[in-house]
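The sequence shown begins at 68 in this note's numbering and counts up one residue at a time. Where a beta carbon is used, it is the ideal one built from N, C-alpha and C, also for glycine.
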Amino acid sequence: MKGEVHHHLEESIRPYIDLIDTLRSVGIQKDLALPTIVVIGDQSSGKSSVLEALSGIALPRGSGIVTRCPLELRLRNVTGGVSWKAEKMIEFGDPSLVEKHVEEAQNELAGKGVKICDDLITLEVRSADVCDLTLIDLPGIARVPVQGQPQDIGNQIKRLIMKFIEKPETINMVVVPCNTDIATTEALKMAQEVDPEGVRTFAILTKPDLIDRGTEKNILAIVQNKVIPLRKGYVMVKCRGQQQIDEKVSLVEATQIERDFFQNHNFFRPLLDENKATIKCLAIKLTQDLVSHIKKSLPKLDEQIKKQLWEVRNELKKCEDGPPQDLKGAKQFLIKILTKFNDKIKSLSLGELIIKENLFVQLRSEFKKWNDGLNDTKMSFDSSKELSQNYRGRELPGFSNYRIFEMILQDRVAKLKEPAIKSLNSIKVQKFCQFTSFDNIQSSQQAKTEQRIMDQFEMECMIYTQDPIYLKFLNEISGEKFSEAQLPVFDIKSKYSEMLQAYYEIVVQRMADQLPMLISFYMLKETAQLLCTDMLSILEAANVSELLFEDSDVSKRRKDLQSRLARLTAGQEALSDFI
């Protein structure tokens, strides 16, 4: 177009289009929708011809699905060559190579054959013969699968198209041939489905030279927005047909042929004055619409980026920083992590750090059950008659025996062993880490605690307490007050029941505290100390980087968040000059 279009446009449009291209280049479309124009149409609707006329280069052509990946077409009015990019950038100056490189890119992303892919290919055209504009061309809507295509290829393409056109930020450019019933075209139906008011839909009517005679007025009414109203309206274009392509009619020649066609057409001539015909008119309208759309979208875009940046930074705080790559930094990082871990373990074991699954809530509950169970065993001891019959030795009637006192208490205390071990086993110490050493330490400590509990019961069989303590309980139970000198009057079997009850009260109070103390000391405090020591020994390991290797959901999430942070930060910087 020899730069003719570009001179009709304001000089301020380029920065806005460049801005969106920059945002897409950093990948910010993964986080939020960008204002853009997408091109959709049924197969053989003339999409490729329209894009060729706009860009000045020959795009891939053929039968069936030609566009198999979304193709971002960036047009730049500068002196230069042509380049395309798909993950990497290849620059070349010969426009005839475009078709070859686009096909290679599609084969790389979608595989050879007829499959489609969601990945974006970017084709950038720098030329003095184009206007500043960016479009995304989507695969043509297929009705019948060709050989090698899955039966649901039509639905696959529609799903891909819908991903783009359903976004409120997208202007939908629908390409429709004049020689078909526009109301029945699949592309326009899809656009109407996501934009029923026609606010962001723009239609291009192609192949006006192929319409049947007598239908010109009907077509004209459509272009003049009288049949299916669209807020952005219609433009009619006449691009190169297959015969002109075969005859190697250049795009420059085709532009003049198009102009002459409308100028000499009895019905469509008025469209020139209404700026609703020719590729030149289309290019101007698309550029103006896109820039206007971008300007309106920037405040919302800026707000969305700021909001997501705030969310990402907060999420990253939860993930914390990953390990450094250098050996010195990695070791310092490991020391910091282990120190923090040990501090947390100590706080947990002392009940200073309150967490959702608070271990001390469970401990208090189990210790209360133990205490209640002990109190339930404080039933009255047998009467003097039963004592004399059940525990009488070889002694004659009337003689007392201290061994009887011991045997009765030992039997009663022995019955407490099973509930004591049951209380120990019911304590589920929260797993602080995934290290095997934790399981080993916990298992060893549980066995040690069980042995200490059994030792405690062995000691209880000795039947011992301080005299003042025993006297205190005996006086409380008997309801009388005796001094140590008066105690011998109790040394008769009729008083054994009260004497046993007094001592058993001491046992209950002693065991009520002793078992929780044993469990708390060995299962919590000592376990925490051993675990901390074991963790510090990790520093002696030779391969620090192997110890810090991350292959977890947290690591993956951190990397994803860091990538998002980089994209959003770059986007905010790019937007800063416009807001």
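Looking at the strands, I want to know which residues DSSP matches up with residue 272. Reading the sequence shown from its first residue, position 205 is the one you call residue 272. According to DSSP, residue 272 bridges with 243, 303.
Which class does residue 195 belong to by DSSP, given the choice of helix, strand or coil? As a first step, residue 195 is located in the sequence shown; it is residue number 128 there, counting from the start. Residue state, collapsed to three classes: coil.
Under 8 angstroms between C-beta atoms of residue 599 and residue 412: Indexing the sequence shown from 1 puts residue 599 at position 532. Indexing the sequence shown from 1 puts residue 412 at position 345. Yes; because the gap between Cβ atoms is below 8 angstroms, this pair is in contact.
Regarding residue 358 and the ligand ATP, is the C-beta to nearest heavy atom distance less than 7 angstroms? As for the ligand ATP, it is missing from this structure, which has no ligand bound.
Here's the rule: buried if 16 or more other CB atoms are within 10 angstroms of the residue's CB, otherwise exposed. What is residue 290? Indexing the sequence shown from 1 puts residue 290 at position 223. With 16 or more other Cβ atoms within 10 Å, it is buried.
Among 82, 367, 168, 634, which residue has its Cα nearest to the Cα of residue 380? By 1-based counting over the sequence shown, the position of residue 380 is 313. Nearest C-alpha to residue 380: 634.
By the DSSP assignment, the alpha helix (DSSP H) with residue 491 in it spans what residues? Position 424 of the sequence shown, counting from 1, holds the residue named residue 491. Start and end: 484 to 493.
For residue 120, which residues from the same chain have a beta carbon less than 6 angstroms from its beta carbon, with the 5 sequence-adjacent residues on both sides left out? Start at 1 with the first residue of the sequence shown, and residue 120 comes out as number 53. Correct list, in chain order: 306, 346.
Answer with yes or no whether the minimum CB distance from residue 472 to chain D is below 8 angstroms. The structure shown has no chain D; it contains just one protein chain.
Consult DSSP for residue 106 and reduce its assignment to one of helix, strand or coil. Stepping through the sequence shown from its first residue, residue 106 is reached at position 39. Residue state, collapsed to three classes: strand.
For residue 534, three-class secondary structure by DSSP: Within the sequence shown, the letter at position 467 stands for residue 534. In this structure, residue 534 counts as helix in the three-state DSSP scheme.
For residue 384 and residue 304, the rounded distance between their alpha carbons: Position 237 of the sequence shown, counting from 1, holds the residue named residue 304. Position 317 of the sequence shown, counting from 1, holds the residue named residue 384. The alpha-carbon atoms of residue 304 and residue 384 are separated by roughly 55 angstroms.
Contact check, residue 594 vs residue 475, beta carbons under 8 angstroms: As a working mapping, residue 594 is identified with position 527 in the sequence shown. As a working mapping, residue 475 is identified with position 408 in the sequence shown. No. Outside cutoff.
Using a 10 Å radius around the Cβ and a threshold of 16 neighbouring Cβ atoms, would you call residue 141 buried or exposed? By 1-based counting over the sequence shown, the position of residue 141 is 74. Buried is the call here.
Thinking residue 494 and residue 433 are a contact (beta carbons under 8 angstroms), I'd like their distance in whole angstroms, please. Counted from its first residue, the sequence shown places residue 494 at position 427. Counted from its first residue, the sequence shown places residue 433 at position 366. With 8 angstroms as the limit, residue 494 and residue 433 qualify as a contact, their Cβ atoms being about 6 angstroms apart.
Are the segment 95 to 108 and the segment 322 to 336 touching, with three or more C-beta to C-beta distances below 8 angstroms? no
Any idea what DSSP makes of residue 318, helix, strand or coil? Position 251 of the sequence shown, counted from the first residue, corresponds to residue 318. Correct three-state label for residue 318: helix.
Buried or exposed for residue 145, please, with buried defined as at least 16 other CB atoms from any protein chain shown within 10 angstroms of its CB. Position 78 of the sequence shown, counted from the first residue, corresponds to residue 145. It is exposed - the Cβ of residue 145 has fewer than 16 other Cβ atoms within 10 Å.
Starting from residue 204, trace the beta strand (DSSP E) both ways and give me its first and last residue. Position 137 of the sequence shown holds residue 204. Taken as a continuous stretch (DSSP letters only), the beta strand (DSSP E) holding residue 204 covers 200 to 204.
Cα-Cα separation, residue 431 to residue 438: Taking the sequence shown and counting its residues from 1, one reaches residue 431 at position 364. Taking the sequence shown and counting its residues from 1, one reaches residue 438 at position 371. Taking the straight line from one Cα to the other gives about 10 angstroms.
Which residue marks the beginning of the beta strand (DSSP E) containing residue 142, and which one marks its end? On the sequence shown, position 75 is the one that residue 142 refers to. Where residue 142 is concerned, the enclosing beta strand (DSSP E) stretches over 138 to 144.
For the segment 371 to 380 against the segment 626 to 646, do three or more pairs of beta-carbon atoms, one drawn from each stretch, fall closer than 8 angstroms, so that the two count as touching? yes
Put residue 636 into one of helix, strand or coil per three-state DSSP. Position 569 of the sequence shown, counted from the start, is the residue given in the question as residue 636. Residue state, collapsed to three classes: helix.
Identify, in the order they occur along the chain, each residue of the same chain with its Cβ nearer than 6 angstroms to the Cβ of residue 153, setting aside the five sequence neighbours on each side. Translated into the one-based positions of the sequence shown, residue 153 becomes position 86. Note on residue 153: pLDDT 47, under 50, position unreliable in the model; the coordinate value appears next. If we look at residue 153 and ignore the five residues flanking it on each side, its Cβ neighbours are 172, 188.
Just verifying my parser: in three-state terms, what is the DSSP assignment at residue 48? One cannot answer for residue 48 here, as it falls past the ends of the chain, which runs 68 to 646.
Is it buried or exposed for residue 331, if we count other Cβ within 10 angstroms and need 16 for buried? Position 264 of the sequence shown, counting from 1, holds the residue named residue 331. Its Cβ having fewer than 16 others within 10 Å, residue 331 is exposed.
Residue burial classification, residue 469 (beta-carbon count within 10 angstroms, cutoff 16): As a position in the sequence shown, residue 469 is number 402, starting the count at 1. With fewer than 16 other Cβ atoms within 10 Å, it is exposed.
What is the residue span of the alpha helix (DSSP H) that residue 448 lies within? For this step, residue 448 is matched to residue 381 along the sequence shown. No alpha helix (DSSP H) holds residue 448; DSSP gives it neither H nor E.
To the nearest angstrom, how far is the alpha carbon of residue 516 from that of residue 563? Walking along the sequence shown from the start, residue 516 turns up at place 449. Walking along the sequence shown from the start, residue 563 turns up at place 496. For residue 516 and residue 563, the distance between alpha carbons rounds to 34 angstroms.
Under 8 angstroms between C-beta atoms of residue 483 and residue 566: Counted from its first residue, the sequence shown places residue 483 at position 416. Counted from its first residue, the sequence shown places residue 566 at position 499. No, they are not a contact pair.
Any idea what DSSP makes of residue 344, helix, strand or coil? As a first step, residue 344 must be located in the sequence shown, where it is residue number 277. Residue state, collapsed to three classes: strand.
Starting from the C-beta of residue 176, find all residues in its chain whose C-beta is less than 6 angstroms away, skip the five residues before and the five after it, and write them out in chain order. Against the sequence shown, residue 176 aligns to sequence position 109. Excluding sequence neighbours, residue 176 sits near 136, 184, 186.
With a Cβ-Cβ cutoff of 8 angstroms, do residue 227 and residue 206 count as a contact? Here residue 227 refers to the residue found at position 160 when the sequence shown is read from its first residue. Here residue 206 refers to the residue found at position 139 when the sequence shown is read from its first residue. Contact flag set, yes.
Anyone know if the C-beta pair for residue 204 and residue 273 falls short of 8 angstroms? Working through the sequence shown from its first residue, we reach residue 204 at position 137. Working through the sequence shown from its first residue, we reach residue 273 at position 206. No, these two residues do not count as a Cβ contact at 8 angstroms.
Just the Cα atoms here: how many angstroms apart are residue 234 and residue 310? Position 167 of the sequence shown, counted from the start, is the residue given in the question as residue 234. Position 243 of the sequence shown, counted from the start, is the residue given in the question as residue 310. Rounded to whole angstroms, residue 234 to residue 310 spans 38 angstroms at the Cα level.
List the endpoints of the continuous alpha helix (DSSP H) containing residue 176. Mapped onto the sequence shown, residue 176 falls at position 109. First-last of the alpha helix (DSSP H) with residue 176: 165 to 177.
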